[in-house]
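**Q** What follows is a structure written as structure tokens; I'll ask about it next.
Numbering (the UniProt record's numbering), first residue to last: 1 to 67.
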């Protein structure tokens with residue numbers, strides 16, 4: 001099955017570390033990164049989609065972060 005996750009974080013090194021961790025766990029980048037302004041916090045936020053092929057059958061109970 002193909003799994004999909006959307007990673008998001010404030011525009012700091014924490015975002016880069018989150019994406020790097022996913023890549024090192026076998027996830028692959030999917031599409032272009034995004035960036036938007038959070039007016040409540042007054043900061044920029046980043047996002048990146050990632051996908052991964054794994055064995056098994058998808059159910060809504062699938063724990064995406066555990067793969």
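Ideal Cβ positions, reconstructed from N, Cα and C, are used throughout, including at glycine.
Around the Cβ of residue 46, are there at least 16 other Cβ atoms within 10 angstroms (buried) or fewer (exposed)?
**A** buried
**Q** Which same chain residues end up closer than 6 angstroms to residue 43 when comparing Cβ atoms and leaving out the 5 residues on each side of it in sequence?
**A** 10
**Q** Across which residues does DSSP place residue 44 in a beta bridge pair?
**A** 37
**Q** Tell me which residues share the same chain as residue 6 and place their Cβ nearer than 7 angstroms to its Cβ, disregarding the 5 neighbours each side in the sequence.
**A** 47 and 49
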